[in-house]
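Notes follow the structure.
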Amino acid sequence: MARRYDSRTTIFSPEGRLFQVEYAMEAISHAGTVLAVLSKEGIALAAEKKVTGKLLDLSLAPGGQMGGEGNQAWLGGGGEKIFLLNNNILAGLAGITSDANSLVNFSRNAAQQHLFTYDEDIPVEMLVQRLCDMKQGYTQFGGLRPFGVALLYVGWDSLHGFQLYQSDPSGNYSGWKATCIGANHSSATSLLKQDYKDDLTLEEARSLCLKTMSKTMDSTKLGSEKLEFATMTLDPKTKQPLAKIYRPNELDALLRQLELGGTSDDQVGVGEATGGGGGDEGNVAMST
Amino acid sequence: MGDCSFGITGKDFVILASDMNAGRGIIKMKSDENKIRALGPHLAMAYGGETGDTEQFTDYVERNMRLYHIRNHNALLPPAASAWIRRQLAQSLRSRKPYAVNLLLGGFDTTTSLPHLYWIDYLGTKADIPYAAHGFGMYVALSTMDKWWFEGMPKEKGVELLRKCINEVQSRIVVQFNFNCILIDADGVHQLDLSASDPIADLSRAPEKAEVEVPNPIIAAPA
Amino acid sequence: MGSPMEYNGGSVVAMVGKDCVAIATDLRLGQQSIGVAYNFDKVVAVNDKLYYGLPGLATDVYSLREHLRFRVNMYRMKEEREITPKTFTHLVSSSLYEKRFGPWFIEPVVAGLPQPTELDPHPKPFISTMDTIGCITTPKDFAVAGTAADKLYGAAEGLWEPDLEPDDLFETISQTLLNAVDRDCLSGWGAIVHVITQDKVVTRRLRSRMD
Chain A
12 MARRYDSRTT
22 IFSPEGRLFQ
32 VEYAMEAISH
42 AGTVLAVLSK
52 EGIALAAEKK
62 VTGKLLDLSL
72 APGGQMGGEG
82 NQAWLGGGGE
92 KIFLLNNNIL
102 AGLAGITSDA
112 NSLVNFSRNA
122 AQQHLFTYDE
132 DIPVEMLVQR
142 LCDMKQGYTQ
152 FGGLRPFGVA
162 LLYVGWDSLH
172 GFQLYQSDPS
182 GNYSGWKATC
192 IGANHSSATS
202 LLKQDYKDDL
212 TLEEARSLCL
222 KTMSKTMDST
232 KLGSEKLEFA
242 TMTLDPKTKQ
252 PLAKIYRPNE
262 LDALLRQLEL
272 GGTSDDQVGV
282 GEATGGGGGD
292 EGNVAMST
Chain B
17 MGDCSFGITG
27 KDFVILASDM
37 NAGRGIIKMK
47 SDENKIRALG
57 PHLAMAYGGE
67 TGDTEQFTDY
77 VERNMRLYHI
87 RNHNALLPPA
97 ASAWIRRQLA
107 QSLRSRKPYA
117 VNLLLGGFDT
127 TTSLPHLYWI
137 DYLGTKADIP
147 YAAHGFGMYV
157 ALSTMDKWWF
167 EGMPKEKGVE
177 LLRKCINEVQ
187 SRIVVQFNFN
197 CILIDADGVH
207 QLDLSASDPI
217 ADLSRAPEKA
227 EVEVPNPIIA
237 APA
Chain C
-2 MGSPMEYNGG
8 SVVAMVGKDC
18 VAIATDLRLG
28 QQSIGVAYNF
38 DKVVAVNDKL
48 YYGLPGLATD
58 VYSLREHLRF
68 RVNMYRMKEE
78 REITPKTFTH
88 LVSSSLYEKR
98 FGPWFIEPVV
108 AGLPQPTELD
118 PHPKPFISTM
128 DTIGCITTPK
138 DFAVAGTAAD
148 KLYGAAEGLW
158 EPDLEPDDLF
168 ETISQTLLNA
178 VDRDCLSGWG
188 AIVHVITQDK
198 VVTRRLRSRM
208 D
């Protein structure tokens, strides 16, 4: 009896709720934290990596140990949690990795389709809408489960400048100055609420982002094996958007500079033996 | 090919002018046909070509520009609009019955405060240039524009140059033309009355008289 | 309307040097004998080691360029690496052959420096060219296409020599292009030359006869 309104996604419960969608959102609140801070000069985006361990061969994972700036950021992305969707848009994902991959694929296709028809980079909100239209479809049309993924979108376009959006499995989206999804998101958001100021520099946004992250994550010291980090800025010369996905050594250097940890180069890849953080161990491979 | 249109960009504006003839072959049926269409708050095109195709195609473009504006709360910027219109013509070219429409697309980019002018022909050829002509104007007035156009022209000089071009067409081409003209700047699309001695002064004195019907709901730009 | 290949005019040439390649184009866009624009760049970068030029019918230049940009971007995302000159040539070729019975009126020219790999630590500079339906030729010396192709052959045949250093290659390709387009009424109106080396790309705009 208890399962009556649980089993199918597209059926309302008598209280007017869609349980499967709510369960999907619940799954995400156990996933690795993703956090972003907007400033006038650019946006900082950090994501907690859950799949770690010394036996994990990172060189085989998508992206491996790569990263980089501008075009370089395409060649490998961040790996697990941070992806470039288009030249002007980065996304941080929390939830089921395999669902996330298919969403990333969809949005990259949509962005290229826009570039093809209009010869311009897709406006950030339009891409968010495209993706949310699809996510919403899975809460309404028969027999399929919703995407177990929430995203933070970090981007720039000529109409509205730097923008930060968040979307959830129901297909809702909203714009933010600083926000967080995944494990401990509510405590992180209240920390951000305290410390956010409207006139942050990029430097300050980066440090606010990482400092809040360090308080949110369970582990005491941050390091590149547990964290991914990226920024969206404007190229000082061309005034065009410039995505930068930090390479592990760059991130460690930044963390050391902010005194938040940072793994020394010879320690990179050793990591902890198990996935740390909110989710229980059984979920490591599924929900990150 | 009985058409004639001009486009001139300046410091912070673009002017489009088009002849007003409608007819078939050697017969002129109308000399007051408007062949300039506003496509948005800061976008317009002057068009010519096969009658019928021109109306169908401009309606199609206008409605699509409006649909985009309604869906996305922002009108397409001139470069994106030019890319879309060009693609429509290029796709049509390899269809069973291609649109035979040539056009000049003028627009003002509100994000960069720059004027844009695109020369587009029925094949889907696009040129992004500071001054342009279609039809008879290409034969007799391009050289006039080469000589007199200069970077960062003020509006008065733009009108002066347009008058030189029209004069050239009227003295060198057998067909008689009337011209109508619009100007697009940061404030939108305005009608210019070429019969007035100083249409730019008239425009700044009474801008409400120069209003052009714009298809899109003008949504105030976000602050 | 005459041949679509001569409707808008324009030419492209590419040359191989010593550990470098160069590609150059004129800037004219015409409507038969009338010049319409003098800023029509027919050469596009795929990345900083690979460029290609598309002389031919201008509407198809735009269409094919947008199509290829789409395909290359998708390739870069899926493969997480840059496309090699050879693979890119085959991408262009199959894109052209897709329209075998209603072709794009374009004769592409590709020029690039392949990246060293473990299997091939010293790759040779690469140029290639195709006909309108994608039949590939990979010359060892130079590739020409466009309305001045015949004149470019003559000039290049006379000026090109093996193992030119980047500066000499720039001089050779520039003289080849300028002298050829001066004999062609559908090409000219300025030119752009790119010389690609392993550490940088040098792009220069050439002034030429404007008649």
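Protein chains in written order, with the numbering used here: chain A, 12 to 299; chain B, 17 to 239; chain C, -2 to 208.
We put the CB at the ideal spot given by N, CA and C, even for glycine.
Predicted model only: the values in this text are computed from it and were never measured.
Taking the C-alpha atoms as reference points, what is the distance between residue i and residue j?
i: T190 (chain A); j: L265 (chain A); result: 21 Å
i: Q104 (chain B); j: G65 (chain B); result: 16 Å
i: G53 (chain A); j: A62 (chain B); result: 40 Å
i: A254 (chain A); j: L158 (chain B); result: 43 Å
i: F139 (chain C); j: F167 (chain C); result: 13 Å
i: G151 (chain C); j: H87 (chain C); result: 28 Å
i: A21 (chain C); j: L174 (chain C); result: 7 Å
i: K121 (chain C); j: L51 (chain C); result: 23 Å
i: H150 (chain B); j: D181 (chain C); result: 24 Å
i: G41 (chain B); j: G109 (chain C); result: 52 Å
i: T127 (chain B); j: V115 (chain A); result: 29 Å
i: I189 (chain C); j: P136 (chain C); result: 22 Å
i: A38 (chain B); j: S187 (chain B); result: 20 Å
i: C132 (chain C); j: E229 (chain B); result: 52 Å
i: A146 (chain C); j: S0 (chain C); result: 15 Å
i: F98 (chain C); j: T144 (chain C); result: 22 Å
i: A102 (chain A); j: L163 (chain A); result: 6 Å
i: L202 (chain A); j: V45 (chain A); result: 14 Å
i: D144 (chain A); j: N183 (chain A); result: 9 Å
i: A284 (chain A); j: L262 (chain A); result: Caution applies to A284 (chain A), whose pLDDT of 40 falls short of 50 and renders its modelled position unreliable; the model cannot decide the point.
i: A296 (chain A); j: R66 (chain C); result: With a pLDDT of only 37 at A296 (chain A), under 50, the local geometry of the prediction cannot be trusted, and the value read off the model is given with reservation. If you take the alpha carbons of A296 (chain A) and R66 (chain C), they lie about 35 Å apart.
i: F73 (chain B); j: A34 (chain C); result: 25 Å
i: A33 (chain B); j: V175 (chain B); result: 10 Å
i: V106 (chain C); j: Y49 (chain C); result: 6 Å
i: P223 (chain B); j: H206 (chain B); result: 8 Å
i: G32 (chain C); j: Y4 (chain C); result: 11 Å
i: K197 (chain C); j: N36 (chain C); result: 24 Å
i: G68 (chain B); j: F193 (chain B); result: 20 Å
i: A116 (chain B); j: D48 (chain B); result: 22 Å
i: A122 (chain B); j: D130 (chain A); result: Reading off the sequence, residue 122 (chain B) comes out as Gly, not Ala. If I take the Cα positions, the gap works out to 17 Å.
i: T114 (chain C); j: T81 (chain C); result: 11 Å
Label residue i either buried or exposed according to how many other C-beta atoms from any shown protein chain fall within 10 Å of its C-beta, with 16 as the threshold for buried.
i: D132 (chain A); result: buried
i: H89 (chain B); result: exposed
i: E136 (chain A); result: buried
i: E236 (chain A); result: buried
i: P118 (chain C); result: exposed
i: D35 (chain B); result: buried
i: K142 (chain B); result: buried
Kindly indicate which residue of the options has the alpha-carbon position closest to the one of residue i.
i: D209 (chain B); options: B:V77, B:H89, B:E167, B:I31; result: B:I31
i: I100 (chain A); options: A:L138, A:H125, A:N120, A:Q83; result: A:L138
i: W101 (chain C); options: C:Y48, C:K137, C:M127; result: C:M127
i: L178 (chain B); options: B:R188, B:G168, B:W164, B:S187; result: B:W164
i: Q268 (chain A); options: A:E214, A:P25, A:S109; result: A:E214
i: A212 (chain B); options: B:G204, B:E224, B:A202, B:C197; result: B:C197
i: H132 (chain B); options: B:R53, B:N194, B:P95; result: B:P95
i: D125 (chain B); options: A:K208, A:T244, A:S169; result: A:S169
i: K96 (chain C); options: C:A19, C:H64, C:A153; result: C:H64
i: K39 (chain C); options: C:I103, C:A153, C:V13; result: C:I103
i: F29 (chain B); options: B:G18, B:D137, B:E172; result: B:E172
i: W85 (chain A); options: A:L245, A:E270, A:A241; result: A:A241
i: L13 (chain B); options: B:D137, B:Q107, B:L109, B:A106; result: Outside the shown range of chain B (17 to 239) lies residue 13 (chain B), about which nothing can therefore be said.
Is any heavy atom in the ligand GTP found nearer than 7 Å to the beta carbon of residue i?
i: N82 (chain A); result: The ligand GTP is not part of the structure shown, which contains no ligands of any sort.
For the beta strand (DSSP E) containing residue i, name the first residue and the last one.
i: Q251 (chain A); result: Where Q251 (chain A) is concerned, there is no enclosing beta strand (DSSP E), given that its DSSP letter is neither H nor E.
i: E239 (chain A); result: 238 to 245
i: M127 (chain C); result: 123 to 127
i: W135 (chain B); result: 130 to 136
i: K142 (chain B); result: 142 to 144
i: L51 (chain C); result: L51 (chain C) -> no beta strand (DSSP E), and no H or E assigned at all.
i: M12 (chain C); result: 8 to 13
i: S185 (chain A); result: 184 to 186
Quick one: give me the first and last residue of the alpha helix (DSSP H) that residue i is part of.
i: R79 (chain B); result: 69 to 88
To be precise: take each residue of the stretch 137 to 157 of chain A, compare its Cβ to all Cβ atoms of chain B, and keep it if any distance is under 9 Å. Which residues remain? M137, Q140
For the stretch 73 to 94 of chain B, which residues have a beta carbon sitting closer than 8 Å to at least one beta carbon of chain A? N88, N90, L92, L93
In the stretch 13 to 43 of chain C, which residues sit with their C-beta less than 9 Å from some C-beta in chain B, listed in chain order? L26, Q28, I31, G32, V33, A34, Y35, N36, F37
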